[in-house]
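Below is one structure, written out as structure tokens; comments come after it.
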Amino acid sequence: MFPSRRKAVQLPWEDGRSRLLSGGLPRKCSVFHLFVACLSLGCFSLLWLQLSCSGDVARAVRGQGQETSGPPQACPPEPPPEHWEDASWGPHRLAVLVPFRERFEELLVFVPHMHRFLSRKKIQHHIYVLNQVDHFRFNRAALINVGFLESSNSTDYIAMHDVDLLPLNEELDYGFPEAGPFHVASPELHPLYHYKTYVGGILLLSKQHYQLCNGMSNRFWGWGREDDEFYRRIKGAGLQLFRPSGITTGYKTFRHLHDPAWRKRDQKRIAAQKQEQFKVDREGGLNTVKYHVASRTALSVGGAPCTVLNIMLDCDKTATPWCTFS
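In terms of our numbering, the sequence shown opens at residue 98 and continues consecutively.
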């Protein structure tokens with residue numbers, strides 16, 4: 098990290114008709130036929146492995162009315178890229194946590210963009226797409242809590258990252274935030290939100306600091322306010338917030354993919370929710386989030402690797418009846 102770039106702030110063949118001869122090779126066999134056979138077998142094996150470890154086989158069985166025993170298997174971890182052995186990439190590894198639901202057009206742009214951006218900066222990273230698949234309202238904060246718990250133990254800091262916000266300025270710092278939380282999408286740079294207590298969009302924290310805050314509140318169903326409550330958690334934990342300095346691109350620092358006419362936000366508030374939205378959740382957070390990972394799938398989007406977690410959140414309708422609307 099470069100202290101000069103930070104300022105302190107107050108607080109995703111052949112068929113089988115030929116018969117084997119005594120020599121072990123089929124009649125009319127050729128090198129080409131053997132090659133095609135081996136290639137087909139290899140592709141089939143890889144496909145079966147992927148379906149098995151991602152939980153797709155289990156889902157297909159359930160779709161036929163049969164139940165499967167045990168949780169879906171997680172895909173075995175992929176070996177890290179060779180460049181991660183290069184000392185110039187540094188010792189820290191970033192988990193990019195992307196809360197997500199039904200925004201596939203943005204995701205197809207986001208994953209390759211962020212992979213290239215972070216690779217150019219020699220940031221060891223992995224992108225986790227936190228896909229909410231239950232029938233409750235979208236809960237960005239709870240998804241981030243799940244992403245924190247489910248991300249690899251080899252990562253030591255996180256980026257809470259909106260899927261519709263792409264960094265354009267190469268001077269933006271995504272390095273390890275040792276001194277305290279680092280708000281990349283600061284109010285002076287974000288194209289939409291400019292109030293001084295804003296900490297949404299893109300926020301970096303060490304895993305230690307996130308635990309110190311007890312993560313984010315799980316009470317915020319629907320759009321907005323969860324990051325404002327998290328600002329208070331940062332302050333309450335005695336952490337100092339940092340933001341970029343020396344960035345001269347202003348509101349053109351990021352590309353914002355959100356189209357309000359196409360992407361309607363869930364901003365409904367019932368009376369009880371309106372009363373709760375400005376309160377600090379002093380009990381819930383990382384230690385109380387309830388969820389189930391339906392599947393975990395390793396994908397490549399435009400050549401960029403990511404992991405998609407299909408997440409089913411749980412809601413206590415007594416405590417937060419606004420998680421759904423009847």
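Heads up, the beta-carbon is just placed ideally off N, CA and C, and yes, glycines get one too.
Bear in mind that the values here come from a model prediction, so they are computed numbers and not experimental data.
{"Check": "When DSSP builds the beta bridges, which residues end up paired with C403?", "Outcome": "L396"}
{"Check": "From the DSSP output, read off the bridge partner residues of F279.", "Outcome": "L301 and F339"}
{"Check": "Under a three-way DSSP split, which group does I331 fall into?", "Outcome": "helix"}
{"Check": "Starting from I344, follow the alpha helix (DSSP H) in both directions and report where the run begins and ends.", "Outcome": "Here I344 belongs to no alpha helix (DSSP H), and DSSP marks it neither H nor E."}
{"Check": "What's the C-alpha gap between S115 and G244?", "Outcome": "Unreliable placement is indicated for S115, whose pLDDT of 42 sits below 50; no coordinate value is reported for it."}
{"Check": "I want to know whether the region 258-271 touches the region 341-351 - three or more CB-CB distances under 8 Å.", "Outcome": "yes"}
{"Check": "Relative to the alpha-carbon of T350, which residue among T404, Y295 and E285 has its alpha-carbon at the smallest distance?", "Outcome": "E285"}
{"Check": "Have a look at the DSSP bridge pairing and note the partners of I220.", "Outcome": "Paired residues: none, contrary to the question."}
{"Check": "In whole angstroms, what is the alpha-carbon distance linking F233 and T421?", "Outcome": "5 Å"}
{"Check": "Tell me whether H222 is buried or exposed, calling it buried when 16 or more other Cβ atoms sit within 10 Å of its Cβ.", "Outcome": "buried"}
{"Check": "Can you give the Cα-Cα distance for K218 and A416, rounded to whole angstroms?", "Outcome": "44 Å"}
{"Check": "If you count every other CB in all the chains shown that lies within 10 Å of the CB of F235, and 16 or more means buried, which is it?", "Outcome": "buried"}
{"Check": "So, using beta-carbon positions, are I299 and L262 closer together than 9 Å?", "Outcome": "yes"}
{"Check": "Would you check if the distance between the CB atom of V206 and the CB atom of L227 is smaller than 9 Å?", "Outcome": "no"}
{"Check": "Count the other CB atoms, across all protein chains shown, that sit within 10 Å of the CB of A52; report buried if there are 16 or more and exposed otherwise.", "Outcome": "The requested residue 52 does not occur in the structure, where the chain is confined to residues 98 to 423."}
{"Check": "Alpha helix (DSSP H) containing V243: first to last residue?", "Outcome": "R237 to E247"}
{"Check": "By the three-class DSSP mapping on this structure, what secondary structure does R38 have?", "Outcome": "For the chain, the structure presents residues 98 to 423; residue 38 sits outside this window and is missing."}
{"Check": "Who pairs with A416 in a beta bridge, going by DSSP?", "Outcome": "Beta-bridge pairing links A416 to no other residue."}
{"Check": "Can you tell me which of the three DSSP states V206 falls into?", "Outcome": "helix"}
{"Check": "Cα-Cα, which of G399, N407 and G277 is closest to S392?", "Outcome": "N407"}
{"Check": "Using only the alpha-carbon positions, how far apart do W419 and M313 sit?", "Outcome": "18 Å"}
{"Check": "Provide the residue(s) that pair with Y225 in DSSP beta bridges, ordered along the chain.", "Outcome": "L194 and T404"}
{"Check": "Where M409 and R316 are concerned, what is the direct C-alpha to C-alpha distance, given to the nearest angstrom?", "Outcome": "15 Å"}
{"Check": "Shorter than 9 Å from the beta carbon of M409 to some beta carbon of chain D?", "Outcome": "No chain D appears in the structure shown, which is made up of a single protein chain."}
{"Check": "For N311 versus N250, is the C-beta distance shorter than 9 Å?", "Outcome": "no"}
{"Check": "Strictly by DSSP, which residues pair up with R352?", "Outcome": "L263"}
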